[in-house]
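Residue numbers (our numbering), protein chains in the order written: chain A, 33 to 821; chain B, -12 to 259; chain C, 21 to 183.
Glycine included, C-beta positions come from ideal geometry on N, C-alpha and C.
Small disclaimer: the values here were computed from a predicted structure and weren't measured.
Structure first, commentary second.
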Amino acid sequence: MTVEGIGARVARKEDKRFITGKGRYVDDMAVPGMKHAAFVRSPHAHARIGSINAEAAKGMPGVIAVLTGGEMAADGIGNLICGWMIHSKDGSPMNMGAWPALASETVRFVGQAVAVVIADTKGQARDAADAVEVAWEELPAVSDVTSALAEGAPQIHPEAAGNLIYDWEIGSKPEVDAAFQGAAHVCRIELTNNRLVPNAMEPRAALAQYDAADDHFTLWTTSQNPHTARLVLSAFYNVAPEHKLRVIAPDVGGGFGSKIYIYPEEIVCLWASKKTGEPVKWTGDRSEAFLTDAHGRDHVTVAEMAFDANNKILGFKIDTIANFGAYMSLFSSAVPTYLYATLLSGQYDIPLIHCNVRAVYTTTAPVDAYRGAGRPEATYVVERMMETAARELGVSPAELRRTNFIREFPHQTPVIMMYDAGDYDASLNAALAASDYDGFGARKAEAERRGKLRGIGISCYIEACGIAPSKAVGSLGAGVGLWESAEVRVNPVGTIEVLTGSHSHGQGHETTFAQLVASRLGVPLDNISIVHGDTDKVQFGMGTYGSRSGAVGMSAISKAIDKVEAKAKKLAAHLLEASEGDIEIADGEVRVAGTDKKLGWHEVCLAAYTAHNLPDGMEPGLKEGAFYDPTNFTFPAGAYVCEVEIDPDTGHTDIVSFVAADDFGRIINPLIVEGQVHGGIAQGIGQALLEGCVYDEGGQLITATFNDYAMPRAHDLPSFNVSTTETICPSNPLGIKGCGEAGAIGSPPAVMNAITDAIGNNDLSMPATPEKVWRALRAAGGGMREAAE
Amino acid sequence: MYPLSYRRASSVDEARRLFQEASDAAYLAGGHTLLPTMKQRLAVHDVLVDLTRIEAMRGISVSGDTLTIGGGMTHAEVSESSEVKGAISSLAAMVGSIGDAQVRHRGTIGGSIANNDPAADYPSAALALAATIKTDSREIAADDFFTALYETALEEGEIVTGVSFRIPETAGYAKFRNPASRYPMAGVFVAKHKDGSVRVGVTGAGMEGAFRWHEAEEALAGNFSGEALAGISLDPGMMMGDIHGSPEYRANLVAVMAGRALANLGSAEAII
Amino acid sequence: MVTVTMTVNGRQVSKEVEDRRLLVDFLREDLGLTGTHVGCDTSQCGACVVHLDGKAVKSCTVLAAQADGGSVKTIEGLANGADLHPLQAAFKEHHGLQCGFCTPGMIMSGVDLIERHPDGLDEKTVRVELEGNICRCTGYHNIVKAILAAAEEMRGGMRQAAE
């Protein structure tokens, strides 16, 4: 490990611009003549659009145009797509309803856009949007999956009878049923995985500029994957041809999945910029984010697990209904299937699993991947089950887990995944030690003396990252390959630019990716620049989500470095009259091993560009590109222990300690990895304690601002105790597993296991608000008096 | 925000005049309720009359058993004031728990009292501390001032220029915050006055806004401690309910917070 | 329209703006000081925090006209030339930021809270005082660490200056 290389705790290179206010986010961009867009949105969850009267709005000050869905359709702009085909168990393809960027006939969720006003200022656009008159014919709404599947429920899309998108399964139900026949014990739980609003702090924004002279478009947008945006905008939405569209995702203020998707506003801004001949900018406000960003989670699940007399798991049955909202968002279909059911084996050796998933339309905002995407939902089912079963079986929760841990690798689960490496005992032991699990009894007794209830909960999670082997996901229905690309450009003076298809929106790639280069080529971090987020600079890339940028994005860079290194060695060998195999690159030098013969790194680079003395057949220059397609998913795993203290009078939960022991494989920068875990845990605790997206029966969003949607504040959280254990991932050249989502995946069941332990009532749903805890405590006959007796 | 005209008043009289000249004016003090509402286009006013530069509405003074705070004083100024801390430390602590630091730098006592948000902290203290609301034209007892949700005894255009609190023998405040908005879901200010009377002001929970909990006052008059509240409960039918707390839960919280306030006399406790 | 004149980061500016212009829009759009951000519309997230007359305020909830005659300091004016403010440096050193969007408001609030607690800070106080700033990336862990570290350093600096 060098000071700045792999494994070094380096402060981030990119920080200076953010801490001095020089970050450049989309809303910070301005181009000459820029106009502003404001959307006319549906106040109804479900309604037919009778007519749209924009006459008054068109006459208002500063208004340039009022555009509607009819005009969009006439211009041939395509509907939004879902990029992953799922087939129901009867073999039929998923039932997808049409989603136009501007609705012209029917709206299906509150906030859906039906028209856009383009005006000189933001205020004028908003004023005029309010003056657009829409004649609505209200239709019945349905907000929850149970109601949506009920007989006689309002029909949301003509394409999906009974609002059912698909009825999918994995595993053999008869085989699992048979395994249950011989069970010594069956544990059954019913769970709700609450709907969440991602709430990246930067609201979505888009700035589109059409250059008529060159017939060329530029789009600055809040995207986690600008190349995918360009592909989809071109190939499916017909807004602009791919070679005439430049998509730039500059500094992006958090994503958590919500900025993967290409939203109606981006399509509309691009289209409107050509239609009006003016650059058009839209910046969402927080209310629009609540109404229209893709939400996350929202599952209802019944699960049963069968155990033999030795507490070994015999089989696992899961039945899940997933709320997709009003439209199928870009990745939505994959989330409760291949990102969920394939992780239901957890860290355990489970011979048989059957999972059935029904995906359902409701008149709510679309639901798609949010930090963890399917894997938090799976972990919640598995880890609430393990804790509950341990209580029913009368064994310690740690012991039941150890009894069933997978200990031999590779391990083929019954749900597709082949775990390549892990040591689940190591992370559990580390977490138990760090949390002083054995000392809990004394702390509980001490809390009781103060009138408080203490509980402790464990969660042992696994996730699949490094998304994903293209051939494998292609066979499962993905519309794209999930490789990554990179280009390493060495300049004549030896400085380096790395162009990557990954996109950093908080992950610190400008630092970690440079650390990889520094380690391999011996160049100081200051001499390395990471370039990303611009389709004119980077040839192609799949972007950043699913904790893939280390395992996949950096592996692509590593492959490109291999090629640079090989060429530099070949050239140096030629210049130094040595054998290629004897050349080593380190510390800014290119040396012949075991001799004092050497050249400066910059001298070799310059020689490559002067090309005065190259080996026969070598091309000038030093620039190499690579595509890396993973051979397998990666499997980060870990153990979390949460300890809570509950005020029985109010039901308020205080998280007194939170311990995380994660195995992320090789770590490039521990400072950044810890930060990722902290943030993930905060979101997981948010899900468990605070955050719940609520629609009323009429489809109105009740939690439409931070006044009603409880975001975790500093005071809601403790300082976290995070550490890592390490098993190197054998499936990629760097041994990296990924760390971005672990915290959000592993923490909710740990919190809920701790609270239910404290109150002695397992019947508690997320978010465990003070009132819910207070009621669960009373239902359990609880309260301090009983607890003390 | 819809278009509007901004007018700055340098005196109370000028403020009145500017208000009356407009067709649908509003006074702007800290603005932390008004401006967010207007930004979301939930309220429209053609004119905003800024009261924050009126010198006559500033100042804090103690005279005998009365603490008087100018209507334009910010929460930060009140909570940090040595006069307030010395006279009614629990009031200073309560004000120091309103909203967040940035809100306290802008929000004013006059604005809070005049707005009568059912989840604002100040009304509970005003009731418990037998406050007198001073306006540009009269004085109104707190008991008569808070009439309904967001409704007060103020006439159209009347300005809260100051608030006088009766300095108690001892007092305390405790609140349980809404985890999202962080306004109190139940805030209880208890005060034992020098004449032996007890007043209990409750905010955040009542269906009609802040109210005095008379039954608790009677029980505490004989025994000013949490024990005296055993067996006393509030009718959930009088409580607000929303996704964060049902009426039954709020009724429980009020009782619990009353107990906490009594256990923290001279101070203020905020849970969440 | 109304003419507003104020000192922003030490320089006097004067502009004619709509009466409804918010201070944050005035800073971002009229002065090009885009370091101050807007993350919500209910005065809760704190991405827009600046110092107005020496106090941390949410610039999304102040009209530009209200700040007339005042003095505003934004994140762009915090460093002393090339020398970062100790809290800016601490945010970098302790990895107190990820996406950077809440960071300017967080730092401006942090400076304010350090200055309001000259006798020092503990973790609980910092967490309570950060009530008005929401971060979605860091879980606050390293933000709290950075503020405590900077507070300690600034106190040390003040002690030295006093000696």
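7 Å Cβ cut-off: residues of chain A touching residue i
i: residue 161 of chain C; result: 710, 751, 752
i: residue 3 of chain B; result: Going along chain A, no residue has its Cβ under 7 Å from residue 3 of chain B, so there is no contact; the nearest lies around 30 Å.
Of the residues the options, the one placed nearest residue i, counting alpha carbons only
i: residue 7 of chain B; options: B:34, B:20, B:26, B:244; result: B:34
i: residue 437 of chain A; options: A:418, A:448, A:447; result: A:418
i: residue 663 of chain A; options: A:692, A:159, A:196, A:584; result: A:584
i: residue 236 of chain A; options: A:682, A:281, A:596, A:761; result: A:281
i: residue 387 of chain A; options: A:377, A:780, A:651; result: A:377
i: residue 177 of chain B; options: B:203, B:191, B:196; result: B:203
i: residue 104 of chain B; options: B:134, B:84, B:89, B:93; result: B:134
i: residue 112 of chain A; options: A:293, A:636, A:629; result: A:293
i: residue 123 of chain B; options: B:129, B:97, B:110; result: B:97
i: residue 207 of chain A; options: A:100, A:349, A:375, A:334; result: A:349
i: residue 338 of chain A; options: A:361, A:421, A:389; result: A:421
i: residue 651 of chain A; options: A:784, A:705, A:596; result: A:596
i: residue 264 of chain B; options: B:251, B:200, B:16; result: As displayed, chain B neither begins before -12 nor continues past 259, which places residue 264 of chain B out of reach and without an answer.
i: residue 166 of chain B; options: A:92, A:810, A:724; result: A:724
Per-residue contacts from residue i into chain B (C-beta, under 7 Å)
i: residue 40 of chain C; result: -12, -10, -9
i: residue 564 of chain A; result: Ordered by position in chain B, no residue passes the 7 Å Cβ test against residue 564 of chain A, which lies about 34 Å from the chain.
i: residue 682 of chain A; result: 163, 240, 243, 258
Contact list for residue i against chain A, beta-carbon separation under 8 Å
i: residue 55 of chain C; result: 52, 53, 54, 55
i: residue 113 of chain C; result: 43
Chain-ordered chain C contacts of residue i [CB-CB under 8 Å]
i: residue 62 of chain B; result: Going along chain C, no residue has its Cβ under 8 Å from residue 62 of chain B, so there is no contact; the nearest lies around 12 Å.
Chain C residues whose Cβ lies nearer than 9 Å to that of residue i
i: residue 284 of chain A; result: 119, 121
i: residue 737 of chain A; result: 60, 61, 62, 64
i: residue 247 of chain B; result: Near residue 247 of chain B there are no residues of chain C at all, since even the closest Cβ is about 17 Å away, more than 9 Å.
Contacting residues, own chain, Cβ-Cβ under 8 Å from residue i (five flanking each side not counted)
i: residue -8 of chain B; result: 9, 33, 34, 35
i: residue 207 of chain B; result: 177, 179, 185, 187, 215, 216, 249
i: residue 85 of chain C; result: 22, 24, 37, 39, 41
Cβ separation of residue i and residue j, assumed to be a contact under 8 Å, to the nearest whole Å
i: residue 407 of chain A; j: residue 777 of chain A; result: 5 Å
i: residue 39 of chain A; j: residue 700 of chain A; result: 7 Å
i: residue 402 of chain A; j: residue 228 of chain A; result: 6 Å
i: residue 255 of chain B; j: residue 227 of chain B; result: Wrong, their Cβ atoms sit about 22 Å apart, outside the cutoff.
i: residue 249 of chain A; j: residue 291 of chain A; result: No, residue 249 of chain A and residue 291 of chain A are not in contact; Cβ-Cβ is about 20 Å, not under 8 Å.
i: residue 655 of chain A; j: residue 519 of chain A; result: 7 Å
i: residue 326 of chain A; j: residue 264 of chain A; result: Not quite, the Cβ-Cβ distance comes to about 14 Å (not below 8 Å), so this is no contact.
Cβ neighbours of residue i in the same chain (closer than 7 Å, five flanking residues each side left out)
i: residue 93 of chain C; result: 29, 70, 71
i: residue 253 of chain B; result: 76, 77, 157, 159
i: residue 33 of chain A; result: Because residue 33 of chain A sits at a pLDDT of 41, beneath the cut-off of 50, its placement in the model cannot be relied upon, and the following sentence gives the value as read from the coordinates. So the qualifying residues of the chain are 39, 40.
i: residue 817 of chain A; result: Confidence is the limiting factor: at residue 817 of chain A the pLDDT is only 40, short of 50, which leaves the residue's position unreliable and the question unanswerable from this model.
Residues that residue i contacts on chain C, provided the C-beta gap is smaller than 7 Å
i: residue 776 of chain A; result: Result: empty, since nearest Cβ-Cβ is about 10 Å, beyond 7 Å.
i: residue 104 of chain B; result: Per Cβ cutoff of 7 Å: no residues; residue 104 of chain B is ~13 Å from chain C at best.
Contact list for residue i against chain A, beta-carbon separation under 9 Å
i: residue 116 of chain B; result: Within 9 Å Cβ-Cβ: nothing; residue 116 of chain B doesn't reach chain A, min ~25 Å.
Own chain residues within Cβ distance below 6 Å of residue i, not counting five before or after
i: residue 340 of chain A; result: 216, 346
i: residue 167 of chain A; result: 82, 83
Residue i CB to nearest heavy atom of the ligand GTP below 7 Å
i: residue 779 of chain A; result: The model depicted lacks the ligand GTP and carries no ligand whatsoever.
Checklist entry - Taking a cut of 8 Å between CB atoms, which residues from the stretch 33 to 46 of chain B lie near chain C? => result 35, 37, 39
Checklist entry - What residues from the stretch 59 to 72 of chain C come within 8 Å of chain A, judged by C-beta to C-beta, listed N to C? => result 59, 60, 61, 62, 64, 65, 67
Next on the checklist: Under 9 Å, CB to CB, which of the residues in the stretch 228 to 241 of chain A have a partner in chain C?
Outcome noted: 230, 231, 232, 233, 234, 235
Item to check | Near-chain A residues of the stretch 80 to 107 of chain C - C-beta to any C-beta below 9 Å | outcome: 94, 95, 96, 97, 98, 99, 104, 105, 107
Checklist entry - the stretch 694 to 726 of chain A: which residues have C-beta closer than 7 Å to a C-beta of chain C, in chain order? => result 703, 704, 707, 710, 711, 713, 714
Item to check | Members of the stretch 8 to 35 of chain B that neighbour chain C once the beta carbon cut-off is set at 7 Å | outcome: 18, 19, 22, 23, 26, 27
Checklist entry - Listed from N- to C-terminal order along the chain, which residues in the stretch 131 to 150 of chain C have their beta-carbon within a distance smaller than 9 Å of any beta-carbon of chain B? => result 132, 133, 136, 148, 149, 150
Item to check | Short-range partners of chain B found in the stretch 516 to 542 of chain A, where Cβ spacing is below 8 Å | outcome: none
Next on the checklist: If the cut-off is 8 Å on Cβ atoms, which residues from the stretch 784 to 804 of chain A count as contacting chain B, listed in chain order?
Outcome noted: 801, 802, 803
Item to check | Interfacial residues, the stretch 162 to 195 of chain A to chain B, with Cβ spacing under 9 Å | outcome: 162
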